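Read through the structure below, which is laid out as structure tokens, and then see the notes.
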């Protein structure tokens, strides 16, 4: 049956969760993030003794969605506290934050997102690309002598060349 719920579900699924933030980020910001990633991989190709430390750092890195959610929760709570203790108009702040979160959930974009991306916050997929490239440099995926560990092959494998 084709009804409003079906239309809504289709609209929600139009943007793949894994790529929606990147698709809605300005190309120059994506390019800068990719260039920085490419340079880091080149650095670690020449300094493999630091790969383990970088992988630990990546385990603790917050992706842009997590930062957005944490900030939204913080500002929403702030609006509730200020609304109950200072002025009821602050409740509107919590409503605005909720609207931004809903917009992000449906469309993959909300007003704070470009700011966070310009500040260098990456998507989970971008963080994983670096993790896989570093693991490949370290030799985690080498199963036979026929598999190369060279930089160009690794950059191609993670979509940077």
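In the UniProt record's numbering, the protein residues as written are 1 to 161. Even for Gly, the Cβ is constructed at its ideal location relative to N, Cα and C. From a predicted model like this one, the values you see are computed outputs, not experimental measurements.
Whole angstroms is fine: what's the gap from residue i's alpha carbon to residue j's?
i	j	result
residue 211	residue 46	The structure shown does not extend to residue 211, since the chain spans only 1 to 161, so no value can be given for it.
residue 123	residue 50	23 angstroms
residue 31	residue 75	30 angstroms
residue 141	residue 38	19 angstroms
residue 126	residue 71	21 angstroms
residue 158	residue 23	17 angstroms
For my contact list, residue i and residue j are in at a C-beta cut-off of 8 angstroms; report their separation, rounded to the angstrom.
i	j	result
residue 34	residue 137	Between residue 137 and residue 34 the Cβ distance is about 17 angstroms, and since that is not below 8 angstroms, they are no contact.
residue 104	residue 96	Going by Cβ atoms, the distance from residue 104 to residue 96 rounds to 13 angstroms, so no, they are not a contact pair.
residue 134	residue 55	6 angstroms
residue 156	residue 58	The Cβ separation is near 21 angstroms, so there is no contact.
For residue i, which residues from the same chain have a beta carbon less than 7 angstroms from its beta carbon, with the 5 sequence-adjacent residues on both sides left out?
i	result
residue 20	108
residue 29	117, 118
Could you work out which residue in the options is closest to residue i when comparing CA atoms only?
i	options	result
residue 119	91, 106, 63	63
Less than 6 angstroms between the CB of residue i and some heavy atom of the ligand PLP, yes or no?
i	result
residue 65	The ligand PLP is not part of this structure, which contains no ligands at all.
Any beta carbon of chain D sitting closer than 7 angstroms to that of residue i?
i	result
residue 71	Any reference to chain D falls outside this structure, which holds one protein chain only.
Note down, in chain order, each residue of its chain lying with its Cβ closer than 6 angstroms to the Cβ of residue i, except the 5 sequence neighbours on either side.
i	result
residue 101	72
residue 90	79, 82, 83
Which same chain residues, not among the five before or five after residue i, have their C-beta less than 8 angstroms away from its C-beta?
i	result
residue 129	37, 158, 159, 160
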